[in-house]
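Chains as they are written, first to last, in our numbering: chain D, 1 to 497; chain C, 1001 to 1316. Ideal Cβ positions, reconstructed from N, Cα and C, are used throughout, including at glycine. These numbers come from a predicted model, not from an experiment. Shown next, in structure tokens, is the structure this report addresses.
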């Protein structure tokens, strides 16, 4: 089985949020809990678990048959070490703040003791939006996350083939024969992870046209994100299928620097909400209307918390006059607005060009600072004014799924200096966000989401440009692909013929 | 010590100076280019704290002179360091990627030399004839068609429509000569077209010049066969400029296979360095460029030495 797939060079999932490394980790490592297709956590490595009446002590027992790729048994000590390592990442920080202790009870049992109850504990152990809790061997997990794990010994259904690995070019995964899948039917990241093929090879195609040709010729079976302009070629080939596997998409957004003029003024930021017409941006990011849609909610389009609160006042955007008026009210006096333009990322580059054009039309002194992504990520960390090498706006994207968790999505915080690039600050919003982990029911959390969104769009540090759905392409005889809303495609369950 | 040995030693010493200058230039150029490998490793949505932690781990907070000193010292010891992304020795990465690149480059060189020299000789022998005019058309096409256009065309015809050859990829020679060769045919054809055109034009011009010499008329008058005239008398005397362009072509080829490797998905040295540049993987960029500079220098030296074999009058 051959895939066109990005091939990472470094692999430690505790050091990066890279989606390719996520795919690798889902195959090689296993998780305590897995989210099912409805995003409800279900036991995966865990057999039984229980919580004390005061909800402060959780006891977990590993299921039978778990072993590492080096043929040793998975123990509670491995889980405890992995949890402690995870605590040091943004993905585990919430549980770490509440945890009093994580201890081994016996070979297969471990206990998490909390200082105070955490309604989201199991959801957090299962979360995959940022730095998921992958279970590693104790000797690997004992390293701090700043020290990358370089071995590939997991307990997942696929083994990494070190001998055939060419960094940056291809990876070979072999079926782990000793893996014991759960008996339940596969469902998202939950249920039985059954490896139905003996070997999966990822090839990193630098040119997507060639990848589509290879798919047509039957040299590969799967192509993760074919370019939109080649959809017609794929659709017209009787041997190929174009499939919306993820049932989700990537949300593009622009982020403003709230520390510097003009976007240190709320009216200038709100002006951008009026100016941005998502339909226009979507047409240049992805020309296929059936694979894109606008995003109105802070919480994306398809999460449990998607809502319409506080979105009426700027309507659909595209109101240049309102934007112009608000910039004037903000006291805009022709200051330079620097848009970081990543020329090696086609979608963001095109969106940057359109953004600059739209801003110039209303008299904003917009200037494109062309760079590659590597240059952009360096410059966006600068908090100084644009004259001193700072910035005003950059464009980024994240999966829609990630917008469903404001505790782990870095860009959904507004804690000033501690915040993600752009550094918005709102004590009111942060007070609401702090309640998120303790809310017990879904309805209560949905109500909280509406309150947060009320503050969020008034502050307006981030403007949605719309959502692009990336269908996958594969040979018709490839079946059983499992799509995750995270944008990941696990290797289990699929088969040929 | 013979003059030739002295000359080679002198050239090798100057090559070391050139490569040292190249090293300093590369180091400064990539360090002064905006970009942070730590931010790329941490991922697009990582927090500043995570990026700072990775940067510390990679030693990127050290002052520039300290970093340069460490790199220069290690390079002189033959230690090219470790890739900040792959966490593997750069030498190991280069070894994995060298075979595909050399396979494409050497096969392309072979096709280009055989095709170009033959084409050039025939065009010169019948200057103004059909072959000569065909060369003019072919040269225009060879120069003007970008390798990716030719590549996509070849893929469409020979891989998708007729299924005669594979679309992409590389099979190491150790896994069989047949698959290795089959995977190299299309990239070689795509890459060699401009070089065939280039070498053929130079070969034609050199041959025309030689063919009009008095001694060629003498050879003809003495009843020398066309084969003898072309290959024994003319080609030998026209050889120096041809060898020069072959050497130059090979040097350009080593550095210029990036696009071919991209179109045909060949995991070669070109892709390694492009990925490294995108990721700001400093040790890989520095090492690959130093090695390529060294290859350039050695090829130039080899070309200079080849002159003495072609023309015994040339002495160093």
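Residue i: first and last residue of the uninterrupted beta strand (DSSP E) it sits in
i	result
residue 336 of chain D	336-342
residue 367 of chain D	365-371
residue 1161 of chain C	Neither: residue 1161 of chain C is in no beta strand (DSSP E) and is coded neither H nor E.
residue 199 of chain D	199-203
residue 467 of chain D	462-468
residue 100 of chain D	99-106
residue 58 of chain D	57-62
residue 33 of chain D	33-35
residue 51 of chain D	46-51
residue 172 of chain D	170-175
Pairwise C-alpha distance: residue j and residue i
i	j	result
residue 224 of chain D	residue 475 of chain D	12 Å
residue 1096 of chain C	residue 105 of chain D	47 Å
residue 249 of chain D	residue 486 of chain D	8 Å
residue 266 of chain D	residue 313 of chain D	15 Å
residue 65 of chain D	residue 46 of chain D	11 Å
residue 155 of chain D	residue 437 of chain D	30 Å
residue 1092 of chain C	residue 165 of chain D	12 Å
residue 1114 of chain C	residue 1011 of chain C	29 Å
residue 206 of chain D	residue 439 of chain D	45 Å
residue 490 of chain D	residue 324 of chain D	47 Å
residue 409 of chain D	residue 50 of chain D	29 Å
residue 1193 of chain C	residue 143 of chain D	53 Å
residue 132 of chain D	residue 126 of chain D	7 Å
residue 1196 of chain C	residue 1234 of chain C	20 Å
residue 373 of chain D	residue 1035 of chain C	8 Å
residue 1131 of chain C	residue 1139 of chain C	12 Å
residue 268 of chain D	residue 1052 of chain C	31 Å
residue 1076 of chain C	residue 123 of chain D	53 Å
residue 1227 of chain C	residue 1220 of chain C	11 Å
C-beta contact flag for residue i and residue j at 8 Å
i	j	result
residue 1120 of chain C	residue 1207 of chain C	yes
residue 228 of chain D	residue 287 of chain D	yes
residue 483 of chain D	residue 247 of chain D	yes
residue 535 of chain D	residue 7 of chain D	There is no way to answer for residue 535 of chain D, as the model of chain D reaches only from 1 to 497.
residue 109 of chain D	residue 60 of chain D	yes
residue 25 of chain D	residue 41 of chain D	no
residue 1271 of chain C	residue 1040 of chain C	no
residue 464 of chain D	residue 1159 of chain C	no
residue 400 of chain D	residue 479 of chain D	no
residue 348 of chain D	residue 395 of chain D	yes
residue 2 of chain D	residue 219 of chain D	yes
residue 239 of chain D	residue 201 of chain D	no
residue 343 of chain D	residue 370 of chain D	yes
residue 1202 of chain C	residue 1137 of chain C	no
residue 134 of chain D	residue 58 of chain D	no
residue 257 of chain D	residue 416 of chain D	no
Nearest-angstrom Cβ-Cβ length linking residue i and residue j, presumed shorter than 8 Å
i	j	result
residue 1167 of chain C	residue 1155 of chain C	5 Å
residue 129 of chain D	residue 495 of chain D	Between residue 495 of chain D and residue 129 of chain D the Cβ distance is about 29 Å, and since that is not below 8 Å, they are no contact.
residue 34 of chain D	residue 188 of chain D	7 Å
residue 379 of chain D	residue 355 of chain D	Going by Cβ atoms, the distance from residue 379 of chain D to residue 355 of chain D rounds to 17 Å, so no, they are not a contact pair.
residue 331 of chain D	residue 278 of chain D	Not quite, the Cβ-Cβ distance comes to about 27 Å (not below 8 Å), so this is no contact.
residue 1151 of chain C	residue 1257 of chain C	12 Å between Cβ atoms; not a contact.
Residue i: contacting residues in chain D (beta-carbon distance under 8 Å)
i	result
residue 1155 of chain C	210, 213
residue 1040 of chain C	373, 374, 377
residue 1056 of chain C	146
Limits of the alpha helix (DSSP H) - the one that residue i falls within
i	result
residue 347 of chain D	346-361
residue 1228 of chain C	Segment: none, residue 1228 of chain C is in no alpha helix (DSSP H) and carries neither H nor E.
residue 254 of chain D	Not the alpha helix (DSSP H): residue 254 of chain D falls in the beta strand (DSSP E), residues 250-256.
residue 1286 of chain C	1282-1310
residue 125 of chain D	121-126
residue 435 of chain D	427-435
residue 1199 of chain C	1177-1211
residue 1136 of chain C	1130-1144
residue 274 of chain D	266-275
Residue i: contacting residues in chain C (beta-carbon distance under 9 Å)
i	result
residue 206 of chain D	1261, 1262, 1263, 1265, 1271, 1274, 1275
Under 7 Å from the C-beta of residue i: neighbouring residues of chain D
i	result
residue 1160 of chain C	213, 216, 217
residue 1093 of chain C	167
residue 1318 of chain C	No information on residue 1318 of chain C is available, as it lies outside the stretch 1001 to 1316 that chain C covers here.
Where residue i meets chain C, residues with beta-carbon distance less than 7 Å
i	result
residue 148 of chain D	1087
Partner residues on chain C for residue i, Cβ-Cβ distance less than 8 Å
i	result
residue 170 of chain D	1267
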